[in-house]
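Structure record follows, encoded as structure tokens.
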Amino acid sequence: MEVRLEEALDLVGHSRHNVLILIVSSTVHLAAVLDLLGFCVLVPAASCDLKLDLMEIGMLTSVPFAGYLSALPWGYYADTQGRRKAIIVSTIVGSALAIVTSFSSSFEMMLILKLIGCSFSTASITLTITYLGECTGSRHRNKYIFIMNSFNLASDFTCYALAYGILRLEFNIAIPWLSITYRPWRLLALVMALMLAVGAVMMLCLHESPKFLANRGHVDKALSVLKSSYGLKGNDADYLRSLMTIDHVALSLKPTFWSSVVAQTIPIFKPPLVLKTLQLFFLMSVCLSTNNVFFMWFPTMVNSFYSSMSDTQSGFCEKIISNLTNEISEDVICDDTVANNTIYSGMAFSVFFTLVNFLTSRLAKWRKIVLLSTLTISGISAVLVDIIHQPIVSMMLFIFIQLSGILTGNVASYFVDLYPTSYRGLGTSLGLMCARMTCLAGVNIVGGTIVSHCSMTFFGWAVFVLCGIAVAWFLPSDKK
Numbered sequence: 002m003e004v005r006l007e008e009a010l011d012l013v014g015h016s017r018h019n020v021l022i023l024i025v026s027s028t029v030h031l032a033a034v035l036d037l038l039g040f041c042v043l044v045p046a047a048s049c050d051l052k053l054d055l056m057e058i059g060m061l062t063s064v065p066f067a068g069y070l071s072a073l074p075w076g077y078y079a080d081t082q083g084r085r086k087a088i089i090v091s092t093i094v095g096s097a098l099a100i101v102t103s104f105s106s107s108f109e110m111m112l113i114l115k116l117i118g119c120s121f122s123t124a125s126i127t128l129t130i131t132y133l134g135e136c137t138g139s140r141h142r143n144k145y146i147f148i149m150n151s152f153n154l155a156s157d158f159t160c161y162a163l164a165y166g167i168l169r170l171e172f173n174i175a176i177p178w179l180s181i182t183y184r185p186w187r188l189l190a191l192v193m194a195l196m197l198a199v200g201a202v203m204m205l206c207l208h209e210s211p212k213f214l215a216n217r218g219h220v221d222k223a224l225s226v227l228k229s230s231y232g233l234k235g236n237d238a239d240y241l242r243s244l245m246t247i248d249h250v251a252l253s254l255k256p257t258f259w260s261s262v263v264a265q266t267i268p269i270f271k272p273p274l275v276l277k278t279l280q281l282f283f284l285m286s287v288c289l290s291t292n293n294v295f296f297m298w299f300p301t302m303v304n305s306f307y308s309s310m311s312d313t314q315s316g317f318c319e320k321i322i323s324n325l326t327n328e329i330s331e332d333v334i335c336d337d338t339v340a341n342n343t344i345y346s347g348m349a350f351s352v353f354f355t356l357v358n359f360l361t362s363r364l365a366k367w368r369k370i371v372l373l374s375t376l377t378i379s380g381i382s383a384v385l386v387d388i389i390h391q392p393i394v395s396m397m398l399f400i401f402i403q404l405s406g407i408l409t410g411n412v413a414s415y416f417v418d419l420y421p422t423s424y425r426g427l428g429t430s431l432g433l434m435c436a437r438m439t440c441l442a443g444v445n446i447v448g449g450t451i452v453s454h455c456s457m458t459f460f461g462w463a464v465f466v467l468c469g470i471a472v473a474w475f476l477p478s479d480k481k
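Numbering (this note's numbering), first residue to last: 2 to 481.
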């Protein structure tokens, strides 16, 4: 059936509607990623106003990752109610909760609202990829997915650019009935939330995926979408109807979502796949968490680092600890501004990783060598970051620790090679979910240990990466 639907979409061809779908999907994707990662800049700016300690900063910074726990319910909803409808619901509710979050008056209120909000908004990160892929013919699909991935990479730069423009503003508006003071960080949170709302409004202008409609047996609706948006000619309608008409008896015998999940999940945790599952899940966790954990702490640590640049004799840990341990008194005048050097470093960080990601994609046929080499650089950097006291070098080493983030696609490709076709999709999704939960734990572990055991935190993470190198060593060779 999938092959016939693919043929039908290719027969219709490419139109301006496909470009519109690309623009809307990429906008929603960017806004959803921004809602996830934007907290790494937002929370440090709000820490004084909300009187957050380091542990609370860690919890708020990590809580967006908990949104991935809702991945399976959202997958079921999208498979039964439609990709477009799922995206609209996730973005509307996610943006509404993000707007309310910007008016938070306490740590507890922000934590709960962000947790619930990200359980909606993070769904759009994967759903937009599915929607774009199903609405695009095979000839243009890979190019469009690559363009969307570029928007994903651009989210880091967008986050820091917005922070640079908004956090520099100076205003202080008391709102007694909410028991808050409206400050620049709240405006930054509101702007990022509105970007998600704009994506929701844009999605309302589009149709459901014709492949989804046909697969659910709504052939007439699918043909109507193809005629109105894709320019389907009447002469081709009858042929397309025959391609998209499915066996309704087979459809009625289709297993339920949960029975399918059980049938596809249990085999990957049993021989002969269980060792491959543990190997790939661990590698995905190492690569993704080593990047994401320190990325989420990046603004807090770098802001503190640049505030201690005058001390040339101290190491990286001493520089960041000297400011992270300062207590916030009741009568202090809060400053939401993030240091310009921190903003510039974040922008440069984003551009650097985009370039490195592009260069490593050219070395795809040597993926095991790239995997081992990159993890080695990351591990060595974690060891040396506090040993070398030269400020510029130690900052570069801190950035190199996060180099493992470019390996996510590398490890994901092994899921394709080592798993049978019927288990690849769910296996990869579960691997990513496991990695995101590692990120959630890692952000809080770093927050709880960085002040009292900073050097040991980096050495411990180096051991974690070293274990990843050992596990990666047993992957199949590139020639094999």
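Backbone N, C-alpha and C define an ideal beta-carbon position, used for all residues, glycine too.
All of these numbers come straight from a predicted model, not from anything done at the bench.
CA-to-CA distance, residue j to residue i, given in whole angstroms
| i | j | result |
| --- | --- | --- |
| SER374 | SER414 | 17 Å |
| ILE470 | GLY68 | 29 Å |
| LEU103 | ARG187 | Here residue 103 is Ser; the residue named in the question, Leu, does not match the sequence. For SER103 and ARG187, the distance between alpha carbons rounds to 5 Å. |
| MET297 | ILE130 | 24 Å |
| PRO477 | LEU281 | 12 Å |
| GLY166 | PHE152 | 20 Å |
| SER286 | PHE465 | 10 Å |
| SER323 | SER309 | 8 Å |
| ALA463 | THR278 | 23 Å |
| LEU114 | LEU98 | 6 Å |
| ASP350 | LEU191 | Correcting the residue identity first, residue 350 is Phe in this sequence and not Asp. Taking the straight line joining both Cα atoms gives about 25 Å. |
| TYR345 | SER91 | 32 Å |
| LEU61 | ALA47 | 11 Å |
| TYR132 | SER63 | 28 Å |
| VAL101 | VAL25 | 24 Å |
| CYS49 | PRO273 | 53 Å |
| ILE321 | PHE399 | 12 Å |
| GLY432 | ALA215 | 30 Å |
| LEU252 | LEU73 | With a pLDDT of 48 at LEU252, under the threshold of 50, the predicted position of this residue should be treated as unreliable, though the coordinate-derived value follows. Going by the C-alpha atoms only, they are around 21 Å apart. |
| VAL44 | PHE359 | 30 Å |
| TYR183 | PHE108 | 16 Å |
| ILE58 | THR409 | 26 Å |
| MET193 | ASN173 | 20 Å |
| ASN19 | SER430 | 27 Å |
| SER382 | GLY316 | 14 Å |
Cutoff 6 Å; reference residue i; Cβ partners in own chain excluding five residues on either side
| i | result |
| --- | --- |
| ASP479 | TRP367 and LYS369 |
| CYS1 | Given a span of 2 to 481 for the chain in the structure shown, any question on residue 1 remains unanswerable. |
| THR450 | THR458 |
| GLY461 | none |
| THR355 | LEU154 |
| PHE158 | MET348 and SER351 |
| LEU364 | VAL371 |
| ASN411 | ARG368 and LEU372 |
| THR301 | PRO45 |
Which listed residue (the options) has its alpha carbon closest to that of residue i
| i | options | result |
| --- | --- | --- |
| LEU168 | THR361, ASN341, VAL412 and MET348 | ASN341 |
| MET396 | PHE416, PHE299 and PHE465 | PHE299 |
| PHE306 | ALA463, ILE267 and PRO392 | PRO392 |
| LEU404 | ILE321, THR291 and ILE388 | THR291 |
| LEU385 | PHE283, GLU57, CYS318 and LEU21 | CYS318 |
| ALA339 | GLY316, THR266, ALA162 and ALA436 | Residue identity differs from the one stated: residue 339 is Val in this sequence, not Ala. With distances taken between Cα atoms, VAL339 lies closest to ALA162. |
| THR137 | LYS222, HIS208 and LEU284 | HIS208 |
| VAL202 | ILE89, THR409 and GLY316 | ILE89 |
| GLN82 | LEU284, ASN358, ILE181 and GLY218 | GLY218 |
| MET149 | SER16, CYS160, HIS15 and GLY134 | GLY134 |
| LYS212 | LEU276, LEU205, LEU467 and LYS222 | LYS222 |
| VAL275 | PHE401, PRO421 and SER260 | PRO421 |
| ARG140 | TYR183, PHE108, PRO177 and SER16 | SER16 |
| LEU195 | ILE267, THR28 and PHE283 | THR28 |
| PRO185 | ILE388, ALA164 and ASN19 | ALA164 |
Contact set for residue i: own chain, Cβ-Cβ below 7 Å, skip 5 residues either direction
| i | result |
| --- | --- |
| SER156 | LEU31, VAL34, LEU35 and LEU38 |
| VAL294 | CYS440, GLY443, VAL444 and VAL447 |
| ALA87 | TRP75, TYR78, ALA79, ALA124 and LEU128 |
| LEU197 | ALA32, ALA33, ASP36, THR92, GLY95, SER96, ALA99 and SER122 |
| LEU112 | MET60, LEU61 and VAL64 |
| ILE181 | PHE104 and SER106 |
| VAL303 | THR343 and SER346 |
| THR377 | ILE470 |
Expected contact under 8 Å - CB spacing of residue i and residue j to nearest Å
| i | j | result |
| --- | --- | --- |
| ARG84 | SER210 | 5 Å |
| ILE179 | SER106 | A small correction: the amino acid at residue 179 is Leu; Ile does not occupy that position in the sequence shown. With a Cβ gap of about 6 Å, LEU179 and SER106 count as contacting. |
| LEU289 | ALA473 | That belief does not hold up - the Cβ atoms of LEU289 and ALA473 are roughly 14 Å apart, past 8 Å. |
| THR361 | ILE407 | 5 Å |
Cut-off 8 Å between Cβ atoms - residues of its own chain near residue i, not counting five sequence neighbours on either side
| i | result |
| --- | --- |
| PHE475 | GLN280 |
| VAL250 | Caution applies to VAL250, whose pLDDT of 45 falls short of 50 and renders its modelled position unreliable; the model cannot decide the point. |
| ILE117 | LEU98 |
Residue i beta carbon near the ligand FMN (any heavy atom closer than 7 Å)
| i | result |
| --- | --- |
| MET457 | Among the components of this structure there are no ligands whatsoever, and the ligand FMN is therefore not found. |
What are the uninterrupted segments assigned as beta strand (DSSP E) that are 3 or more residues long and contained completely in the region 159-219, given in chain order?
-> Within the region 159-219, the complete beta strand (DSSP E) runs of at least 3 residues are 174-176 and 181-183.
Which residue spans inside the region 35-90 form an unbroken alpha helix (DSSP H) run of at least 4?
-> 40-47, 55-63 and 72-82
Can you list the alpha helix (DSSP H) stretches of 4 or more residues lying completely in the region 342-416, in chain order?
-> 368-385 and 392-402
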